[in-house]
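S.K.:
Numbering (our numbering), first residue to last: 3 to 525.
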C-alpha cells in the first residue's frame, strides 16, 4: 500500500492536465516484482518500486521475501514444489521457475538442518536439567529405530534413504536427542561426495545403516558431554545387536541393551496363532477365530502380568522369577484351574466370582478352554520358549520404540516422495523433527526468521501459526482424557469385531459379495 501511495504522489506532483497514467512491470524475480507508472500526457515515468519487501543478501540485490515465504509450506507440510506451481497457476499468478525454487529449497533445507541440530543440543541440556533437579544421575534411557524410504523386501532393496532418531525415555516430552540420516542420492555429475547429500556408498546395503546410525547417534550424544546413555532400546533386529557392544568397548562404558516389549508381544501373538491344535472344538466354533481370540487373550494377559510385576518388583532376579511363574500359570488359569492363581498371578480375579466381578469374555467364545493335555502343554511351551530367562532380562524395563515409530510416521507425512527428496531429504527430516519438538507453528516462525523473513506479531501469518499450535495443544489434552480413551477403545473393538458380525455371530469366512457380482466371469 505504501508503494502505491508513493507512485500516486509522484504522478500528482507533475500537475499534468491530460494525465493518462499506465502501470507496467519493470522487473520480475519469481513472485517479487517491481512496477513503475508512466504518464502518456507529459511522458513522466516514475522510479521503479518493489511491491514486496526484500531480504538482504551477502552479495547482489536483495531477494524477494515472497520467494522465501512460498517455500515454507513445502518444508512444513505435505506440499511439494510442483504443488506450489499448480496453486499459483490456478490463482492466475506466474509461478517462480523450478530452478529458482530448487535453489531456495536447498538453502532453506540447510538452514533447517542447522536449526534442528541446535535444538537437539538444547533437548539434551533440558533432559540433563530435569534429571539433576529430580536427584538422579546424569544418565538417560533412550530408544532407537530406523525407517526406510521403501519397505525392505526379500531379495531386493528398493530403499535409497533412511532416517534413524534417538529419543529419550525419562521425560514426558520424549525429546529427540540425535538423528542420523543416510542417502544414496547425488545429482551432481562430477562429485567426490565429501560434502553433499550422498552419505552412503552405492555398493553398500541400506539395511546396514541401522547399525551405523545407532553408533553415530550414540557418539554424537557422547561428544557433547551433556548426557550419559544408561540403556538403549531397539526392536531386537540382528543388524543392531553389535552396535551397543562396540560402543561399550570403544568408550569403556556399561550401557545396557533392551528389546522393545511391543515387538516381542507382537511376535509372540503371531506364534500362538500359528500353533496347530489337535483338540476338537465345539459345534459352531471356527478354529481360525478360536486361535485369533486365544492369541489376543494370552498376549493381553502376559502384558498385564509383566506390567504389574514391574511396578511391584524392582529387583531383576525377583522380577524374572515372578514373571516366569505368572506366565506358566496363564494356560491353567484359562482352563479354569485356579489353584496357583492366588500366589502366582496378579491379574486373575477368580476369587471375586461370588461378588459377580469375574468374567471370561476375553476367552474364545466367552468360555474356558477345553483343550487336551497335549495342546495345553504345547501352548505352555510356546509361552515359555518366547519368554525365557534371557528374553525377560532383555525386556525387564518394559520399554518400547513407539515414540520412534510415531516419529517415522511424522517424517513421511512431512517428507513425501517428491523431486525435492533427492537433494532435500535430510533437511525435510530435520524440519519434521524440529516441528515435532516445538510444534509446527512455532517451528515455522523460527525457520522464517532464520532465513531472514521478518514476521510481525500483528500479521496474519503469525496469528494463524499460533492458532495451529493452540489447536494441536487442545487435541493433545483431549486425547489424554479418559472419555477419549474409552471411545477410542470401543471404536477399535467395533472394527476388530467386523468379521464376527459379518454374516453370523461367529463367522469369519470371507464375504461372498465378489462372487454375487461376478456377472458370470470365471477366473
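Glycine is no exception: its CB is placed at the ideal position from the N, C-alpha and C atoms.
If you follow the beta strand (DSSP E) that residue 41 is part of, which residue opens it and which one closes it?
M.R.: Unbroken beta strand (DSSP E) run through residue 41: 34-41.
S.K.: In chain order, which continuous runs of the alpha helix (DSSP H) of length 4 or greater are located wholly inside the segment 399-433?
M.R.: Within the segment 399-433, the complete alpha helix (DSSP H) runs of at least 4 residues are 404-416.
S.K.: Taking C-alpha atoms, which residue in 269, 220, 232 lies nearest to residue 238?
M.R.: When each option's Cα is compared against that of residue 238, the closest is 269.
S.K.: Taking only the alpha-carbon atoms, compute the straight-line gap between residue 412 and residue 325 and give it to the nearest angstrom.
M.R.: So the two alpha carbons sit approximately 36 angstroms from each other.
S.K.: Have a look at 32, 160, 341 and flag the residue whose alpha-carbon is nearest the alpha-carbon of residue 353.
M.R.: For the residues 32, 160, 341, the minimum Cα distance to residue 353 belongs to 341.
S.K.: Are residue 179 and residue 234 touching if we call contact CB-CB under 8 angstroms?
M.R.: In this structure, residue 234 does not lie closer than 8 angstroms to residue 179 by Cβ.
S.K.: Quick one: residues in its chain with C-beta nearer than 8 angstroms to the C-beta of residue 370, no 5 flanking neighbours on either side, listed in chain order?
M.R.: The residues are 336, 337, 338, 362.
S.K.: Return the residue from the list 198, 491, 168, 416 that minimises the CA-CA distance to residue 220.
M.R.: Comparing Cα positions, the closest option is 168.
S.K.: Comparing alpha-carbon positions, which option in 248, 226, 161 lies nearest residue 204?
M.R.: Considering only alpha carbons, the answer is 161.
S.K.: Find out if the Cβ-Cβ distance for the pair residue 446, residue 467 is shorter than 8 angstroms.
M.R.: Closer than 8 angstroms, so yes.
S.K.: Taking the alpha helix (DSSP H) that residue 75 falls in, what are its first and last residues?
M.R.: Residue 75 -> alpha helix (DSSP H) spans 74-78.
S.K.: Would you kindly check if the distance between the Cβ of residue 232 and the Cβ of residue 258 is under 8 angstroms?
M.R.: Their beta carbons are under 8 angstroms apart, which means residue 258 touches residue 232 by this criterion.
S.K.: Judging by CA-CA distance, which residue of 215, 444, 323, 57 is the nearest neighbour of residue 456?
M.R.: Closest by alpha carbon: 57.
S.K.: Would residue 524 be called buried (16 or more neighbouring beta carbons within 10 Å of its own) or exposed?
M.R.: Residue confidence for residue 524 is low, a pLDDT of 42 falling below 50, so the modelled location carries little weight; the figure read from the coordinates is stated next. Flag for residue 524 reads exposed.
S.K.: Thinking just about the alpha-carbon of each residue, which of 96, 50, 66, 103 is nearest to the one in residue 76?
M.R.: When each option's Cα is compared against that of residue 76, the closest is 103.
S.K.: Please state if the CB of residue 316 and the CB of residue 328 are separated by a distance shorter than 8 angstroms.
M.R.: No; because the gap between Cβ atoms is not below 8 angstroms, this pair is not in contact.
S.K.: How far does the beta strand (DSSP E) with residue 346 in it reach, from first residue to last?
M.R.: No beta strand (DSSP E) holds residue 346; the alpha helix (DSSP H) holding it covers 343-346.
S.K.: Counting only the same chain and skipping the five closest in sequence on each side, list residues whose C-beta sits under 6 angstroms from that of residue 184.
M.R.: These residues qualify, in order along the chain: 164, 201, 202, 211.
S.K.: Check the DSSP bridge columns for residue 112 and list the partner residues they point to.
M.R.: The partner list for residue 112 (beta bridge, DSSP) is empty, contrary to what the question assumes.
S.K.: Spatial neighbours of residue 310 within its chain, please: CB distance less than 6 angstroms, with the 5 preceding and 5 following residues excluded, ordered by chain position.
M.R.: So the list reads 348, once near-sequence residues are dropped.
S.K.: Based on the DSSP secondary-structure assignment, which residues constitute the bridge partners of residue 47?
M.R.: DSSP output for residue 47 lists 40 as bridge partner(s).
S.K.: I believe residue 50 touches residue 28 by the beta-carbon criterion, under 8 angstroms. Please report the beta-carbon distance rounded to the nearest angstrom.
M.R.: So it is a contact: roughly 4 angstroms between Cβ atoms.
S.K.: For the structure I just gave you, are there three or more beta carbon pairs, one from the segment 117-131 and one from the segment 430-440, closer than 8 angstroms?
M.R.: Judged by Cβ distances under 8 angstroms, the segment 117-131 makes contact with the segment 430-440, as three or more pairs qualify.
S.K.: Note down, one range per segment and in chain order, each alpha helix (DSSP H) of at least 4 residues found wholly within the segment 453-504.
M.R.: As far as the segment 453-504 is concerned, its whole alpha helix (DSSP H) runs of at least 4 residues are 462-481, 484-498.
S.K.: Assuming contact is defined by CB atoms lying nearer than 8 angstroms, are residue 486 and residue 480 in contact in what I supplied?
M.R.: Cβ atoms of residue 486 and residue 480: closer than 8 angstroms.
S.K.: Any chance you could list the alpha helix (DSSP H) runs of at least 4 consecutive residues sitting entirely within the segment 211-242, in chain order?
M.R.: Fully enclosed alpha helix (DSSP H) runs of 4 or longer: 211-226.
S.K.: So, do the segment 119-134 and the segment 380-391 have three or more beta carbon pairs nearer to each other than 8 angstroms?
M.R.: The answer is no - the segment 380-391 does not touch the segment 119-134, with fewer than three Cβ pairs under 8 angstroms.
S.K.: For a test of the three-state rule: what should DSSP assign to residue 97, helix, strand or coil?
M.R.: Here residue 97 sits in coil by DSSP.
S.K.: Mind the definition here: the segment 293-301 touches the segment 267-285 only if three or more C-beta pairs lie below 8 angstroms; say whether that holds.
M.R.: Counting Cβ pairs under 8 angstroms, three or more are found: they touch.
S.K.: Just verifying my parser: in three-state terms, what is the DSSP assignment at residue 277?
M.R.: Here residue 277 sits in coil by DSSP.
S.K.: How many angstroms separate the CA atom of residue 503 from the CA atom of residue 110?
M.R.: Caution is warranted here: a pLDDT of 49 is assigned to residue 503, below 50, making its placement in the model unreliable, and no coordinate value can be reported.
S.K.: Is residue 129 helix, strand or coil when you go by DSSP?
M.R.: Three-state DSSP puts residue 129 in a helix.
S.K.: By the DSSP assignment, the alpha helix (DSSP H) with residue 378 in it spans what residues?
M.R.: Here the alpha helix (DSSP H) through residue 378 covers 375-388.
S.K.: Between the Cα of residue 472 and those of 452, 440, 484, spot the shortest distance and give me the residue it belongs to.
M.R.: That would be 440, whose Cα lies nearest to the Cα of residue 472.
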